[in-house]
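A quick write-up on the structure given underneath.
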Amino acid sequence: MENKEFQSSSPPESTTIDYEKIAASEPFQHLVSSKRKLLVPLTVFFLVFYFALPFLTSFTKVLNNYAIGDISWAWIFAFAQFIMTWTLCTVYVKKANKFDDMAGNILEEYKNKGSNV
Amino acid sequence: MSITAFILFVIIVGITLVITYWAAKRTKTASEFYTAGGGLNGWQNGLAIAGDYLSAASFLGIAGAIALNGFDGFFYSIGYLVAYLVVLYVVAEPLRNLGKYTLADMITARFDQKKIRAVAAINTIAIVIFYMIAQLVGAGALIQLLLGIDYWIAVLIVGIMMTIYVLFGGMTATSWVQIIKAALLMLGTVIISFLVLMKFHFNLFNMFTEVKNATPHGENFLHPGIKYKDPIDTISITLALVLGTAGLPHILMRFFTVKDAKTARSSVAVATWVVGLFYILTIFLGFGAAAFVGSEKIIQANAAGNMAAPLLAQVLGGDFLMSFVSAVAFATILAVVAGLVLSGASAFAHDIYGQIIKKGNITEKQQVSAARYSCISVAALSIILALFAQKMNVAFLVSLAFCVAASANLPVILFTIYWKKFNTAGAITGMLSGLASSLILVIISPNVIAPEPGAAIIVGKPLISLTNPAIISVPIGFLGAYLGTVLSPKRDDKKFAEVTVKANTGLK
Chain A
1 MENKEFQSSS PPESTTIDYE KIAASEPFQH LVSSKRKLLV PLTVFFLVFY
51 FALPFLTSFT KVLNNYAIGD ISWAWIFAFA QFIMTWTLCT VYVKKANKFD
101 DMAGNILEEY KNKGSNV
Chain B
1 MSITAFILFV IIVGITLVIT YWAAKRTKTA SEFYTAGGGL NGWQNGLAIA
51 GDYLSAASFL GIAGAIALNG FDGFFYSIGY LVAYLVVLYV VAEPLRNLGK
101 YTLADMITAR FDQKKIRAVA AINTIAIVIF YMIAQLVGAG ALIQLLLGID
151 YWIAVLIVGI MMTIYVLFGG MTATSWVQII KAALLMLGTV IISFLVLMKF
201 HFNLFNMFTE VKNATPHGEN FLHPGIKYKD PIDTISITLA LVLGTAGLPH
251 ILMRFFTVKD AKTARSSVAV ATWVVGLFYI LTIFLGFGAA AFVGSEKIIQ
301 ANAAGNMAAP LLAQVLGGDF LMSFVSAVAF ATILAVVAGL VLSGASAFAH
351 DIYGQIIKKG NITEKQQVSA ARYSCISVAA LSIILALFAQ KMNVAFLVSL
401 AFCVAASANL PVILFTIYWK KFNTAGAITG MLSGLASSLI LVIISPNVIA
451 PEPGAAIIVG KPLISLTNPA IISVPIGFLG AYLGTVLSPK RDDKKFAEVT
501 VKANTGLK
């Protein structure tokens, strides 16, 4: 029952792929762990950075001090959120090219082996 | 209605109809209908995501919120943007690799059961209907203000236009309407911002100093705390904003319109730049309106501040610029509601009819006609509900949509992709507890129950003080998914291996 619906909507050969074997393979493990090493710290960072703004504005008045002219630190921190988002977006897109190559190699290897079966 | 405004509206309607005619000839299969055949490139899809996302609430609502409440209005701009990092880092690529047409496709890629697809489809439909009523009621009121036509005619015009785009042109027409709207919206916003900056002699410091003396709030205008005084409520709202986007079905659906995960990623990158630029410019819209229109006139035109941007345009560039901005607002509404109709129709036609009732045994032709019938039904239902909701304050519906998206969809999306032990019971309890807690908490909140008559739907004392319950409902959604999983013995490591491989490599 588990696979019935699935087969009807996918080509039959997809059921012959040994996903567990690929998942356990060294290159795949390497791909997943490099992604995790990049994304987990970045995600924690941007969430902390983001929530720091409402926490600081809600519980303290420190951001009400003026930084430059009549622009207070709250606005500086708010603009920093934009810079942070664009920077982290660019960083990931740059690094992800490497992940695409790694994923491409895994697929390549799988296809070569697959044709021998 | 001014002649200029009328001509600009007719031009926008004309262009979108030509696009729809052109798109209709390319919309024969289900894949073309739901995903434009997956043939959009990163730039096109990025602009379409921006067009799908930047609703009238963003354009007119945030401009008004900043003009009236200063810094507190800007919280929305920040949350709506940072949300794209969640979309980029955790959702976009796995979704593209696992799904076909809908969010339910992605979840059932791991848990292939009808009841899961049904619950996911119900969540999608709930979010789409909430969001859509809010958009249509807002659109009706807005067009009524801008053009001086009756509310019901305005709702009908928008309703008929969105139905035509989706019915005939499917995702291709919807995408191009969104792309054009994104370009128009950016153009309009950049022009106004430039004119505002010019009035301040191209000096940002000057702008902050002048706006400090321009509003009744005085110096406080520049400080947080005018609108959001309760710390927990502020944090709850910012939580819903940052997590909700990654669970909105009409945004998620856009990732199926590109060929692979790499293009999905580059389209989020384009969208992040465009959306970010727009939200930065909301400061100029808001400050400009506060300084040159004045809060008294803004509130007089519309208590929520929705007319701030058009009024500012009038001060800066006369009737022509105001007509142009009104036309842009109209295009904005059309693009967003078209995306909503399409995602609602996909949940009905693909998930409920095609996969559950017909069990996937459905021809290409049947799929397309089911999609078209669903599109008419979703549109008709939304129009009728919007006509009845005219006098209601519907602002809570958008926060409800974000809340359901963050509490019911996001936990299950995350666990499906990343948690090995996650199982069918967990997926169902997660989605249902997120949906139920959001609904119940909003019903007992000040959005629905307020002491003053007319402020909300029911007169009375609200049971909770939170205007957005995300801070409670998001943890409930995660907890529901977690408890459902650990309390049920089922576990399928093989399927998880398959999902991980597919999500990371795009292997099919």
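Residue numbers (this note's numbering), protein chains in the order written: chain A, 1 to 117; chain B, 1 to 508. Glycine included, every Cβ here is placed at the ideal spot set by N, Cα and C.
According to the Cβ coordinates, are residue i and residue j closer than 8 Å?
i: residue 46 of chain B; j: residue 267 of chain B; result: yes
i: residue 512 of chain B; j: residue 196 of chain B; result: No answer is possible for residue 512 of chain B: it lies beyond the span of chain B, which begins at 1 and ends at 508.
i: residue 350 of chain B; j: residue 34 of chain B; result: yes
i: residue 248 of chain B; j: residue 126 of chain B; result: no
i: residue 63 of chain A; j: residue 77 of chain A; result: yes
i: residue 277 of chain B; j: residue 192 of chain B; result: no
i: residue 188 of chain B; j: residue 328 of chain B; result: yes
i: residue 506 of chain B; j: residue 97 of chain B; result: yes
i: residue 81 of chain A; j: residue 56 of chain A; result: no
i: residue 156 of chain B; j: residue 383 of chain B; result: yes
i: residue 379 of chain B; j: residue 159 of chain B; result: yes
i: residue 348 of chain B; j: residue 374 of chain B; result: yes
i: residue 272 of chain B; j: residue 75 of chain A; result: no
i: residue 128 of chain B; j: residue 344 of chain B; result: yes
i: residue 85 of chain B; j: residue 46 of chain A; result: yes
i: residue 77 of chain B; j: residue 279 of chain B; result: yes
Please classify residue i: is it buried, with 16 or more other beta-carbons within 10 angstroms of its beta-carbon, or exposed?
i: residue 16 of chain A; result: exposed
i: residue 18 of chain B; result: exposed
i: residue 11 of chain B; result: exposed
i: residue 93 of chain B; result: buried
i: residue 41 of chain A; result: exposed
i: residue 203 of chain B; result: exposed
i: residue 310 of chain B; result: buried
i: residue 468 of chain B; result: buried
i: residue 97 of chain A; result: exposed
i: residue 260 of chain B; result: exposed
i: residue 198 of chain B; result: exposed
i: residue 399 of chain B; result: buried
i: residue 22 of chain A; result: buried
i: residue 111 of chain A; result: exposed
i: residue 60 of chain A; result: exposed
Using a Cβ-Cβ cut-off of 6 Å (strictly less than) and excluding sequence neighbours within five positions of residue i, which residues of its own chain qualify?
i: residue 463 of chain B; result: 444
i: residue 10 of chain A; result: Summary for residue 10 of chain A: the model assigns pLDDT 44, below 50, so the residue's position carries little reliability; its value from the coordinates is reported in the next sentence. There are no such residues.
i: residue 397 of chain B; result: 130, 133, 134
i: residue 151 of chain B; result: 140, 144, 390
i: residue 331 of chain B; result: 12, 181, 184
i: residue 14 of chain A; result: With a pLDDT of only 48 at residue 14 of chain A, under 50, the local geometry of the prediction cannot be trusted, and no value is derived from it.
i: residue 3 of chain A; result: Unreliable positioning characterises residue 3 of chain A in this predicted model, as indicated by a pLDDT of 41, which lies under 50. A coordinate reading is not provided.
i: residue 508 of chain B; result: none
i: residue 264 of chain B; result: 92, 93, 96, 255, 258
i: residue 16 of chain B; result: 177
i: residue 320 of chain B; result: 4
Can you find the residues in the same chain that come closer than 7 Å, C-beta to C-beta, to residue i, ignoring five residues on each side of it along the sequence?
i: residue 176 of chain B; result: 19, 23
i: residue 115 of chain A; result: Residue confidence is low: residue 115 of chain A scores 48 on pLDDT, short of 50, so the model does not pin down where it sits. Its coordinate-derived value is still stated next. Excluding residues within five positions, none has a Cβ falling inside 7 Å.
i: residue 364 of chain B; result: 29, 30
i: residue 491 of chain B; result: 421, 423
i: residue 446 of chain B; result: 456, 462, 465, 467
i: residue 66 of chain A; result: 72
i: residue 108 of chain B; result: 116, 117
i: residue 103 of chain B; result: 120, 124, 249, 252, 409
i: residue 171 of chain B; result: 33, 34, 35, 36, 257, 342
i: residue 59 of chain B; result: 185, 309, 329, 332
i: residue 238 of chain B; result: 75, 79
i: residue 448 of chain B; result: 396, 442, 456, 457, 458
Enumerate in chain order the residues of its own chain whose CB-to-CB distance from residue i is below 8 Å, with the five nearest sequence positions on each side excluded.
i: residue 218 of chain B; result: 212
i: residue 553 of chain B; result: What the structure shows of chain B is the stretch from 1 to 508, and residue 553 of chain B is not part of that stretch, so it cannot be assessed.
i: residue 99 of chain A; result: 31, 34, 35
i: residue 295 of chain B; result: 67, 68, 215, 216
Counting Cβ pairs, one atom from each stretch, are 3 or more of them under 8 Å apart for the segment 151-166 of chain B and the segment 245-258 of chain B? no
Against chain A: residues of the segment 484-498 of chain B by CB proximity under 7 Å: 494, 497, 498
Would you check if the segment 399-414 of chain B and the segment 452-463 of chain B touch, i.e. whether three or more CB-CB distances between them fall below 8 Å? no
What residues from the segment 78-107 of chain A come within 7 Å of chain B, judged by C-beta to C-beta, listed N to C? 78, 81, 82, 85, 86, 88, 89, 92, 93, 96, 100, 103, 106, 107
I'd like to know if the segment 203-217 of chain B and the segment 25-44 of chain A are in contact, where contact means that at least 3 CB-CB pairs between them fall below 8 Å. no
Compile a chain-ordered list of the residues in the segment 52-70 of chain B whose CB is closer than 7 Å to at least one CB of chain A. none
If contact is defined by three or more beta carbon pairs under 8 Å, each pair taking one atom from either stretch, is the segment 49-68 of chain B in contact with the segment 292-305 of chain B? yes
Below 8 Å, how does it come out for the segment 481-488 of chain B and the segment 425-438 of chain B: are there three or more Cβ pairs, yes or no? yes
Taking Cβ-Cβ distances below 8 Å as the criterion, which residues of the segment 62-73 of chain A are in contact with chain B? 63, 64, 68, 69, 70, 71, 72
Which residues of the segment 16-33 of chain A have a Cβ closer than 8 Å to any Cβ of chain B? Give them in chain order. 17, 19, 20, 22, 23, 24, 28, 31, 32
Listed from N- to C-terminal order along the chain, which residues in the segment 359-373 of chain B have their beta-carbon within a distance smaller than 9 Å of any beta-carbon of chain A? 359, 360, 361
Residues in the segment 437-471 of chain B with C-beta within 8 Å of chain A's C-beta atoms, listed in sequence order? none
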